[in-house]
Amino acid sequence: MNKNEYNRLVDLLLDFGEAMLLSGGEVSRVEDSIARMGRAFGALETDVFVITSSIVLTLCFEDSVRITSTRRIVSSVSTDFIKLEKLNDLSRKCADKNPNIDELGNKLGEIKKLHVRNNKFYIGSLLAAGGFAIFFGGSVPDGVAAGVFALAICLLQQRVAPKCPNSIIFNFICSAVIGGCICLIAGLLPFLHSDKIIIGDIMLLIPGIAITNSVRDMLVGNMLSGGIKFIESLLCTGALSLGFMLAISAIGV
Amino acid sequence: MKPVIIQLITAFIGSMGFAMLFNVNKKYIIQGAAGGLIGWAIYLICESAGMSMFVSSVITGIFCSAFAEIMARIMKAPAIIFYIPAVVPLIPGSSLYYTVSNAVAGNAELFRSFGFATIQYTFGIAAGITVVSAVIYMVGKTQNNH
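Same order as they appear, the protein sequences are chains A and B.
Going left to right, the first sequence walks through residues 25 to 277 as our numbering numbers them.
Going left to right, the second sequence walks through residues 12 to 157 as our numbering numbers them.
Encoded structure:
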């Protein structure tokens, strides 16, 4: 490989890491995958450092060529496990056989073009919110109402979230608006329980998985990335609680 | 229907919903949802055996994580795909809501106990997953040394 190819490889590996991180991959998985692919392409040493907002990669090749590159990650994560699975397969295939840079570039481009199917997203949100409203003690009408409001949350996530500066502000707006609407509807239809409906919809917004994962990251030794995610999730939960508090105290239950 | 059966069914539906929402491959959705159902059943068993909320969460966390790692090895897919739907019923959405609503209502006593429950759930699950990650790491190290 010549100098240009080395540079292209580093760029591709950063693209790969970014795609994996943004589709919901854990920090340790991204680090391991990049290192594995680097070695498969003949790097003698790979140094990768990943946190949720940045990737730093150094590859060391024969004839003491050493390339370092960084990538700042600005987009927010949108979990997509089909993408993650395909990226994971790609990294394993690279490590198994003699890889080729062009092939890696093409395959990565194909995976990045995949889109989430909206229907699956809507139906999933509806089932999740409805299911958990009943799970936590709501009646069947509560479950249906939680499902309907889940669709409203999906709409906000697609229309309003991209215009918000960050997920903390979005969580506040979303919970205040949705909480207010739920309290109003429950006031008009007395057979509905506003608390159970809100709980079903909270399950969609609460960064519960992010919190447990970040605590796990810290306990396993990834202090920095775990800590960043932990603080972000706590602030998101705080904003979510404030939004609902505002709705409950303004409209009353 | 008994509340326990309703909870198990809705845990399955809710976990399936989350699997779809996160765009899990069709092949793995049922496994993830089944993980959610079994995980919640284990939590209920622990609770009815008289264990505290924290210990029950740790045990369920260990189960969910071990389940995901085993499925990942069978299906050759990342463990997180199975782990997230399985652990979702343990997310303390309900206790968080009651923490907040009691704060608004000014019930300091209830606010404290629900807030404490929320923290216990969260750290319990995280501790459970950490146990499994640590064991896998140590087993991997021992195998490499031989």
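All C-beta atoms, glycine included, are put in the ideal place defined by N, C-alpha and C.
Beta-bridge pairing by DSSP links A:L83 to A:T70, A:I91. Within the segment 224 to 245 of chain A, the residues whose Cβ lies closer than 7 Å to some Cβ of chain B are I226, M227, I230, G232, I233, I235, T236, V239, R240, L243, V244, listed in chain order. Residues of the segment 97 to 126 of chain B with a Cβ closer than 9 Å to any Cβ of chain A, in chain order: V98, V99, P100, L101, I102, P103, G104, S105, L107, Y108, Y109, T110, V111, S112, A114, V115, A116. Between A:D39 and A:L132, the C-beta spacing is below 9 Å.
For A:R96, the secondary structure class from DSSP, reduced to helix, strand or coil, is strand. In the three-state reduction of the DSSP assignment, A:S78 falls in the strand class, which pools E and B.
One alpha carbon belongs to B:T71, the other to B:A128, and they sit about 16 Å apart. Where A:G262 is concerned, the enclosing alpha helix (DSSP H) starts and stops at 247 to 275. Residue burial is scored here from C-beta neighbours: A:V98 has fewer than 16 other C-beta atoms within 10 angstroms and is therefore classed as exposed. Under the 9 Å criterion on CB atoms, B:M31 is classed as interfacial with respect to chain A.
A:I272 places its beta carbon 9 Å or farther from that of B:S68. Interface residue (Cβ-Cβ distance to chain B less than 9 Å): A:M269 is classified as such.
For B:A22, the neighbours in chain A by C-beta distance under 8 Å run, in chain order, G155, F159. For A:R141, there is no enclosing alpha helix (DSSP H), as DSSP marks it with neither H nor E. Taking the CA atoms as reference points, B:A79 sits about 42 Å from A:G211. It is roughly 43 Å from the alpha-carbon of A:M227 to the alpha-carbon of A:N124. Only exposed fits A:T92, as fewer than 16 other CB atoms lie within 10 angstroms of its CB. Residue burial is scored here from C-beta neighbours: A:L45 has at least 16 other C-beta atoms within 10 angstroms and is therefore classed as buried. In the three-state reduction of the DSSP assignment, A:S115 falls in the helix class, which pools H, G and I. As for any alpha helix (DSSP H) of minimum length 4 sitting wholly inside the segment 84 to 131 of chain B, the runs are 91 to 98, 104 to 116, ordered along the chain.
Each residue's CA atom was taken as its position, placing B:I49 and B:Q42 some 10 Å apart.
Between B:N34 and A:R141, the C-beta gap is smaller than 9 Å, which places the two residues in contact. Not one beta carbon of chain B lies nearer than 9 Å to the beta carbon of A:E29. Nearest neighbour of A:V239 by Cα position, chosen from B:T21, B:T153, B:G135, turns out to be B:G135. In the structure shown, B:K38 adopts helical secondary structure according to DSSP, grouped into three states.
Taking all protein chains shown into account, A:M247 has fewer than 16 neighbouring C-beta atoms within 10 Å of its C-beta and is therefore exposed.
Interface flag for A:A152 against chain B is set, since a Cβ pair is found closer than 9 Å. Straight across, the Cα-Cα distance linking B:C75 with A:S88 is about 46 Å.
With 16 or more other Cβ atoms inside 10 Å of its own Cβ, A:E42 counts as buried.
The Cβ-Cβ distance between A:I222 and A:G250 does not fall below 9 Å. Under the Cβ criterion of 9 Å, B:I73 is not counted among the residues facing chain A. Counting only the Cα atoms, A:I193 lies some 42 Å from A:R90. Here B:N36 has A88, I92 as same chain residues with Cβ atoms under 8 Å from its own Cβ, once five neighbours each way along the sequence are excluded.
Exposure of B:Y148 is indicated by the presence of fewer than 16 other C-beta atoms within 10 angstroms of its C-beta.
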